[in-house]
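> I have a structure here, written as structure tokens, and I will follow up with some questions on it.
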Amino acid sequence: MNKTSIILGMSFLFLSCGENKGKQETINAGQEDTEALFTLMSPNETKLNFINVINESPTVNGVLYEYLYNGGGVAVGDLNNDELPDIYFISNLYSNKLFINRGNLSFEETTLVSKVKGVNGFPTGVTMVDINADGLLDIYVCKSGDYNNLDQRRNELYVNKGNNKDGIPVFEEEASKYGLDLPHYSTQAAFLDYDKDGDLDMFLINHGIEPADVEPNISTLLNKKSDYSSERLFRNDNGKFVDVSEDSGIINNSIGFGLGIAVGDLNNDQWPDILVGHDYSEKDHLYLNQKNGTFKEVILQATNHISNFSMGNDIGDINNDGLLDFISVDMVSNNNYDLKTSMSGMSIKRFQDIVDQGLHHQYMFNTLQLNNGNFKENNIPAFSEIGKYAGISNTNWSWAPLLFDMDNDGWQDVFVSNGILRSFRNNDFVIYKRKRVERLYKDLEIYKNRDSLIKTYYDDILARMPEKKEVNLLYLNNKDFTFSLMNEAWQLSTPSCTNGAVYADLDNDGDLDIIGNNINDPAFVYRNNARELASKNNYLKIKLKGPERNTLGIGARITVETNEEKQTKEQYLSRGFQSSVSEILHFGLGSSEKIKSLKILWPDGKIQSISGVSANQQLNLNYADASIPGGPIKEISKPIFNDVTNIVQADYKHVENKFDDFERESLLPHKFSENGPSLAVGDVNNDDLDDFYVGGAKGKMGELFLQQQNGSFKSVQQELWAKDKNHEDISSVFFDADGDGDLDLYVVSGGNEEMEQGEYYRDRLYENLGNGQFAKKENALPNDLISGSCVKTADFDNDGDIDLFIGGKLIPGKYPLPASSYLLRNESSDGNLKFVNVTEELAPFMDQLGMVSDAEWLDLDNDKNLDLIIVGEWTPIMIVKNTGSEFVDVTGQSGLENNTGWWFSVASADFDKDGDRDFIVGNLGLNYKYKASPEAPFEVYASDFDKNGSLDIVLSYQEKGVAYPLRGRECTSNQMPFIKEKFPSYHDFGMADLSTVYGAEELRKATHYKATTFETTYVENLGNFKFKTHNLKGLPQFSSVNSILIEDFDRDGNLDALLSGNLYQSEVETPRNDAGYGVFLKGNGQGQFSTLNPNESGLLVRGDVKNTGIINSNSGIGKRVVFAINGEELQFLGY
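Each step along the sequence shown adds one to the number in UniProt numbering, with nothing skipped, and position 397 is 397.
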């Protein structure tokens, strides 16, 4: 390691563009006055006299060795077989300690008697395992540290030899005997039977030592093998552990910083899979077991984005659907000051470089990956990242996430351990450190007292680096994909640096307590009071006696069903961060006093089923009582939709041109140059088969596909479409423009690539000459050059021909100034196509109407005149009444005037069968970094704040009633240099609210919009232009909704809705909206909807879906839905 790396550490990485990584989560949301479910106990009560002491000095500190601050793990398990869980703590620099449980939450330290103190080196993680299958728990300790001597890094295995006469377990260190005295830079180990041969194998995660040497050289090190820093798989061969990593498909490179490991069957094929979380730029790894001794790494295929600096992780079923989900934690703050002072963002170039190197879309947020079931073509699980919706994306500098049932209600809750000894990411500190390094180098050139200068430097740096203790966070599961933070209600506010953490029923009272390993503070024990405070909630504990060589039943899957819930858990001990949990499985049962059924699937496929078990007991399950399953396999219900893409054979892939919107407008919230492809569906050659046109991006032609009798499609007239390839096709529609009985084609040009009013934005009209042969009509449209969003057809003047509404999306380069929209009246005659702009005459308010996304013609008042609903970004749901002679904006009297959002789509139908049309409006969703409500709106201001002649964008959010700038000091000052002059430090900027930064008068004069809701909404028509909004919970809010199809898809006589969307164009500090795979809303005919999960509906459409359509085919083929996806191939689902 070079001298510069030693001193600079990671300062180069953290001062890239923008500090603000997101709006504050709702803190203590939904809490009510309640007695504390947990009590933080005193060490005087527990006799746990353990502190992970880290005394820093010029030779031992987090500047020289950053992972010094990662702290130590903790393991819990019954080591002396007295039915009480014991605790083993890791000390990084001194003695590890073992505490034997003496009952009543009181412990006795037996470290020296038990001979588990540990030897030299830097221990990190710990897990318990019965390594020799003798029925006694053993302890495996991982070690790391910046040591060249391999012996100082060798992992230790303490084999339990049984109890002495005082009932204290005694151990012998035997790692070498088992081949487990491994000298890697190890974080943690997990034991599993990956090859299902009956014995336990081991997976080891390791990490690099010098991030400063790795991060600038990723492209080189990505393909360079590492001896000691990449993860390893060790197969158990008759008691000896053999490295089979290379043959098993385990990744070996030199950029890994493995910090989290979890094991579980993620694709429900009865084989264990492995999740590895990586710090820094290496992507997390998800290894799917291939059932032949090998694994396939699939994180890119299984997830749409991941955490950037992944710490600990855990696997569990958060929504009780039998599919295992997982959580990974990062280190992003939940308050404005810390976001502005400690969190630096990612430059666009660096972000894209990471993506281009196959390292995924990584964002500095916690991620909660919801399992949607498997893609049919490859059996890879499809995850939706819903951390923002769940309310757990920002938990500060976090280490261990744990999924377990805190209150015995049958649902998995979340604990997160927090805090770091010193915050080397504090931006003001990074700047000071950089200057201090320069001074040191100068001093070293002048003076000869080198050692003294370096000591003074480190003393100074350590004194300047701020401490960053945080509060450990506890969340209760609301049973609707969201969690409520309970710290305030439970009065748990003690800050700490808690690294490793575990759960166990320490006092055997039927609820799970929490243990945390703290740096420089006594270890925490949170006593759970659920059995006293929520006694109506019952529990069941399960102790497994596994097969001969796997006594703990590692890998067993237990399903417990009551009248209320059906829960699934798997027996794996390594969880969270550097730690391992109790071997006793714990199920909360809610109010159920009996188990309807309990099923255990052992690793070798044997099954045991039990029913009628009483609650509130520990049940012992023995592998010897299990049997090989027999009988017919239960049939799985047929989903509504099935993928027919390969059958359709429409060979088209949308290829997006490369354009950086942020180069011109650096503070844009998202791109506007990637809103295609357009899609139009209709029978253009009158053969009773629907055809379709799909639009191209700039430089790529659109294509017309004619349906063949067998349901496949053929591309035609490519020379015609190629002539207009230098437009961006955003929207298109087939309609009979000239009344000759066939469908003509209108294509909206849009995007953001060119300056306003350019030919690039000219819409096109193509006349159908008969039999689906088209010709472009050059002079049929008025000379309106806007960047458009939609075209909607209707005979709005009741003269028998089809007129148009054209929605204007934006003024290129001038976000968020309002674009104009247009009404085009059809004045075609004698076969000559002609449309006239009559907006000023009939609807002058449409000039500079706003950033329109979509519209819908419908007769809202049954007066035979078609009215108009218009939606857009920063707009309300606009209601426009057609009087017959003019259009009138009646939004102000509709009850919708205050529902301002980022609306992307609208579709209408009579969902409640009352004779009028209701509608669904697609919004940004509730799983995005930006949040909005009437009380705390999300706002935008646009003005030339720095007086340099260009428009500046200011986004604003609220924290505790105060408005703050969304973006950080670095990014903002790149656009407006006066920011750095006005706020010399990040501390100053972090303390400043919006008015302090920009001035109240300047903000008052700026263009200003506010969003009050980002929720996709069902709007009920009450009649007389009055409306009522209804929230759609769960899946419809997981992502933005760009397209809505309405049909009775399940043929039950009630209209349903199919929602599609996502938003991949976010700026790089904001996780892209990518959790949507399509949502099926099942209507009940009364204006109410239920949501089907993807494995029930068959909807698993991945990608940034911009438009969809229903295609009618021959009766033997049925109907298809076509999905037009930005940058991807078309996808087709049949139903």
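Glycine included, C-beta positions come from ideal geometry on N, C-alpha and C.
Computed from a predicted structure; not experimentally measured.
Suppose only complete runs of 4+ residues qualify. What are the alpha helix (DSSP H) ranges in the region 830-876, listed by chain order?
839-842
> For residue 1142 and Leu157, I'd like the C-alpha separation in whole angstroms.
As shown, the chain starts at 1 and ends at 1135. That puts residue 1142 outside it, with no answer to give.
> From the DSSP secondary-structure annotation, give me the bridge partner or partners of Met202.
Phe191, Phe234
> Considering only the alpha carbon of each residue, which of Arg434, Glu935, Lys947, Leu951 lies closest to Leu667?
Out of Arg434, Glu935, Lys947, Leu951, Leu951 has the C-alpha closest to the C-alpha of Leu667.
> Going by DSSP, which residues form a beta bridge with Tyr67?
DSSP, once it has assigned bridges, lists no residue as partnering Tyr67.
> With 16 other CB atoms within 10 Å as the buried threshold, where does Val1122 fall?
buried
> Taking Thr124 as the reference, which of Ser731, Ile600, Ile628, Gly73 has the closest Cα?
Gly73
> Can you tell me the Cα-Cα spacing of Ile54 and Asn92, whole angstroms?
7 Å
> How big is the Cα-Cα spacing for Lys291 and Asp195?
7 Å
> So if DSSP puts Tyr1044 in a beta bridge, which residue, or which two residues, is it bridged to?
The identity of residue 1044 in the sequence shown is Ile, whereas the question assumes Tyr. The partner list for Ile1044 (beta bridge, DSSP) reads Leu1059.
> What runs of the alpha helix (DSSP H), each 4 residues or longer, lie entirely inside the region 418-462?
427-446
> May I have the straight-line CA-CA distance separating Leu222 from Phe404, to the nearest angstrom?
36 Å
> From what residue to what residue does the alpha helix (DSSP H) around Glu897 run?
Note, Glu897: premise wrong, no alpha helix (DSSP H); not H, not E.
> Give the DSSP bridge partners of Leu823, in chain order.
Phe805
> Considering only DSSP beta bridges, list what Asn1031 is partnered with.
Thr1017
> Taking the alpha helix (DSSP H) that Met991 falls in, what are its first and last residues?
Per DSSP, Met991 belongs to the alpha helix (DSSP H) from 986-991.
> For the putative contact between Phe938 and Tyr957, defined by C-beta atoms under 8 Å, what is the C-beta separation to the nearest angstrom?
6 Å
> If we call anything under 9 Å between Cβ atoms a contact, is Gly1127 one with Glu753?
no
> Per DSSP, which one or two residues make a beta bridge with Ile584?
Ile584 pairs with nothing; no bridge assigned.
> Can you give the Cα-Cα distance for Ile141 and Ile90, rounded to whole angstroms?
In the sequence as presented, Ile is not what sits at residue 141; that position holds Val. Cα-Cα distance, rounded: 8 Å.
> So for Phe659, helix, strand or coil by DSSP?
Correct three-state label for Phe659: coil.
> Apart from the five residues on each side of it in sequence, which residues of its chain come closer than 6 Å, Cβ to Cβ, to Glu32?
Bear in mind that a pLDDT of 45 at Glu32, under 50, signals an unreliable position, so the number given afterwards is only what the model happens to contain. Cβ within range, chain order: n/a, list empty.
> On a CA-only basis, which of Pro669, Val129, Asp509 is nearest Leu552? Give me that one, please.
Val129
> Given that a residue counts as buried once 16 or more other Cβ atoms are within 10 Å of its Cβ, and exposed if not, what is Leu1130?
buried
> Candidates Gly1103, Ile354, Gly293: which alpha carbon is nearest Asp1074's?
Gly1103
> In the structure shown, what three-state DSSP assignment does Ile27 receive?
Note that Ile27 scores a pLDDT of 41, beneath 50, so its modelled location is shaky and nothing firm can be said.
> Grouping DSSP H, G and I as helix and E and B as strand, with all else coil, what is Lys569?
When DSSP states are grouped into helix, strand and coil, Lys569 belongs to the strand group.
> Which residue comes first and which comes last in the beta strand (DSSP E) that contains Phe295?
295-297
> Span of the beta strand (DSSP E) holding Tyr178?
Looking at the DSSP string, Tyr178 is not in any beta strand (DSSP E); the run it does join, the alpha helix (DSSP H), is 175-178.
> Met465 to Leu453, Cα distance in whole Å?
Using only the alpha carbons, I get a separation of about 18 Å.
> Could you give the first and the last residue of the continuous beta strand (DSSP E) run that contains Thr498?
498-504
> If you draw a straight line from the C-alpha of Val617 to the C-alpha of Tyr539, how long is it?
Note that residue 617 is Gln in the sequence shown, not Val. In a straight line, the C-alpha of Gln617 is about 7 Å away from that of Tyr539.
> Give, in chain order, every unbroken run of the alpha helix (DSSP H) that is at least 4 residues long and sits entirely within the region 242-278.
245-248
> When you compare only the Cα positions, how much space is there between Leu98 and Phe1038?
Cα to Cα, the separation comes out at about 45 Å.
> With a threshold of 8 Å on Cβ separation, who are the neighbours of Ser591 within its own chain once the five nearest residues in sequence on each side are excluded?
So the list reads Lys536, Asn537, Asn538, Glu564, once near-sequence residues are dropped.
> Beta-carbon separation of Pro211 and Tyr280 under 9 Å?
yes
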